[in-house]
Every structure is written in C-alpha cells, then in structure tokens.
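Student: For the sequence shown, this note's numbering gives the first residue as 314, with consecutive numbering after it. Just so you know, even glycine gets a beta-carbon here, dropped at the ideal spot from N, CA and C. Computed from a predicted structure; not experimentally measured. After the structure tokens below, expect a handful of questions from me.
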Amino acid sequence: MLPNEGKVAVYHGTNLFAARIIQRNGVRLDVQRERTDFSRGFYITLNRIQAKKWAIVRAAQPRATEAMLSKANITQRQYLLHPDTRIPAYLHYTLDVSRLRRLHGRIFPLPHQQGWIDEAAGWRRFVQSCRTGATHHYDFVYGPVAAFHDECTSEVMASRHKVQLSLNSYRAIACLTNIRIICVRRATWNQSRSGSKVISVRSSRLSIIKR
C-alpha cells in the first residue's frame with residue numbers, strides 16, 4: 314500500500330544497460346513505452362522482490378524503444394549484443410511520498426483491500442484505455458498490475474500480488490532521490506532470500522555485497 318506520508322524505498326526492475334543510462338542521464342519520459350497499464354510513465358514498485366523478478370525478465374527478453382536507442386546512439390543489434398543488456402538489475406530510489414501526494418494522482422485500491430469491489434470496474438476501464446494508447450492528466454497512478462501483460466486490450470485481470478506506481482510527469486519523477494543500481498546474478502537468484510550474492514553498482518565501479 315502507498316503510505317500517506319514520509320519517505321520510502323522504491324525499485325525499478327530493468328537490465329544493467331538501461332540502469333546505467335538512467336543513472337547517468339536521469340529518467341526520460343519520451344523513451345518509455347506507450348500502451349502500458351497506466352499509460353507512458355516510469356514504473357516503480359515498493360516490492361523489491363517484484364523488481365528483482367522483473368529485472369530477470371527484462372534481461373532474458375530485452376526490449377528497447379526506438380527513442381531509447383536514439384538517445385543512447387546505439388543500434389538495435391548493438392543493444393542486443395551488449396554484455397550489460399543480459400545482466401538483470403534494479404534501481405533503488407528513495408521516494409518522497411509526502412511530496413508526491415501533493416501532486417495530482419489516481420490511487421486504486423488493491424484487490425484485497427476495502428473499496429476494490431467498487432473500484433474494480435473503473436480500474437479495468439482505465440487500464441484498457443491506456444493499453445489502447447490513451448493518455449491521462451495524472452502525475453502518478455498507483456494500483457495493481459494487470460495480469461497477462463500482453464497486447465490484449467479486451468480482457469484484463471488485476472494481479473493480487475503485484476503492485477505498481479507509474480510516475481507520469483517530471484514533477485512526479487522529481488520525488489525520486491538517492492539512485493543506486495543493484496545487479497542480481499541470475500545463477501544465484503533462487504538463493505536470494507537466503508543470503509545470495511548480488512553486485513552493487515555505483516557509477517562504473519562494481520563491488521560484491523551480501524544481501
């Protein structure tokens with residue numbers, strides 16, 4: 314659940330190539346994908362395990378928008394062959410929730426929370442609209458991830474366990490500070506809950522730490 318105030322840790326799952334670009338150049342909304350659950354935005358989560366799992370997916374199935382490739386001055390082939398593209402990584406941020414909540418946002422309850430029955434139909438219509446390319450005027454949107462995240466726009470289901478926060482404006486992105494990159498070794502992913510090794514990346518230096 315999104316806290317009412319204070320500062321919290323949030324995460325963005327990706328691969329090391331993209332993570333380093335974001336760390337160096339900041340978040341660019343114009344390179345984010347369209348037709349997503351809450352429209353074009355920078356997606357984060359309060360769930361570190363969810364971000365790590367998404368990082369594994371993004372490293373195994375790398376995708377890049379034409380805008381991102383253009384900004385990085387790299388071809389699709391160069392991106393796919395780059396060694397950092399296959400390394401799962403997640404960005405660790407501090408989110409100023411108090412500042413974010415002063416912006417114009419939309420917050421959907423989660424399936425297990427009170428109020429979901431009344432909001433479920435509205436959430437479904439909102440996701441379907443965004444997946445067909447519609448935009449909205451919110452600075453941020455919080456709610457459950459739509460299950461079966463594919464090109465289908467007619468049928469969407471709310472995940473009971475995955476939650477997302479979409480930052481859809483630069484005012485919302487400005488609420489993020491203290492960026493840090495953490496890369497997860499896929500070979501040790503299954504051991505991550507019992508003290509596996511991960512790589513902490515600060516700028517271009519790598520150091521192995523225990524997690």
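Starting from ILE335 and walking both ways along the alpha helix (DSSP H), at which residues does that stretch end?
Tutor: Taking the sequence shown and counting its residues from 1, the one referred to as residue 335 is at position 22. Residues 329–338.
Student: For LEU478, which residues from the same chain have a beta carbon less than 6 Å from its beta carbon, with the 5 sequence-adjacent residues on both sides left out?
Tutor: Looking up residue 478 in the sequence shown gives position 165. Around LEU478: ILE357 and TYR455.
Student: Starting from GLY435 and walking both ways along the alpha helix (DSSP H), at which residues does that stretch end?
Tutor: Against the sequence shown, residue 435 aligns to sequence position 122. Here the alpha helix (DSSP H) through GLY435 covers 429–444.
Student: Have a look at ARG341 and ALA434 and give me their C-alpha separation to the nearest angstrom.
Tutor: Counted from its first residue, the sequence shown places residue 341 at position 28. Counted from its first residue, the sequence shown places residue 434 at position 121. Spanning the two alpha carbons is a distance of roughly 31 Å.
Student: Short check: CB of PHE284 to CB of LEU480, under 7 Å?
Tutor: The structure shown does not extend to residue 284, since the chain spans only 314 to 524, so no value can be given for it.
Student: How is THR398 classed by DSSP in three states: helix, strand or coil?
Tutor: By one-based count along the sequence shown, residue 398 stands at place 85. Residue state, collapsed to three classes: helix.
Student: Residue range of the beta strand (DSSP E) that TYR455 falls in?
Tutor: Position 142 of the sequence shown, counting from 1, holds the residue named residue 455. DSSP places TYR455 in the uninterrupted beta strand (DSSP E) bounded by 453–460.
Student: Since I believe HIS405 is in contact with ARG493 (beta carbons under 8 Å), could you give me their beta-carbon distance rounded to a whole number of angstroms?
Tutor: The residue given as residue 493 occupies position 180 in the sequence shown. The residue given as residue 405 occupies position 92 in the sequence shown. Right, the Cβ-Cβ distance comes to about 4 Å (below 8 Å), so this counts as a contact.
Student: For PHE421, I'd like the list of residues in its chain whose CB is within less than 6 Å of its CB, leaving aside the five on either flank, ordered along the chain.
Tutor: Here residue 421 corresponds to residue number 108 of the sequence shown, with the count starting at 1. Cβ within range, chain order: GLU432, TRP436 and GLY456.
Student: Under 7 Å Cβ to Cβ from ASN491, same chain only, skipping five residues before and after it: list those, please.
Tutor: To locate residue 491, count along the sequence shown from 1; it is residue 178. Cβ neighbours of ASN491 beyond the five flanking positions: TYR406 and THR407.
Student: With distance defined between alpha-carbon atoms, name the residue in PRO396, ASP397, TRP367 and ASP343 nearest to GLU379.
Tutor: The residue you call residue 379 lines up with position 66 of the sequence shown. The residue with the shortest Cα to Cα distance from GLU379 is ASP343.
Student: Do you know offhand how far LEU359's Cα is from LEU413's?
Tutor: Here residue 359 refers to the residue found at position 46 of the sequence shown. Here residue 413 refers to the residue found at position 100 of the sequence shown. So the alpha carbons of these two residues sit roughly 14 Å apart.
Student: In chain order, which alpha helix (DSSP H) runs of at least 4 residues are fully inside the segment 339–427?
Tutor: 361–373, 379–385, 389–394 and 410–414
Student: Please go through the same chain and pick out, in chain order, the residues whose beta-carbon is closer than 7 Å to the beta-carbon of VAL370, but skip the five residues on each side of it.
Tutor: Indexing the sequence shown from 1 puts residue 370 at position 57. Excluding residues within five positions, none has a Cβ falling inside 7 Å.
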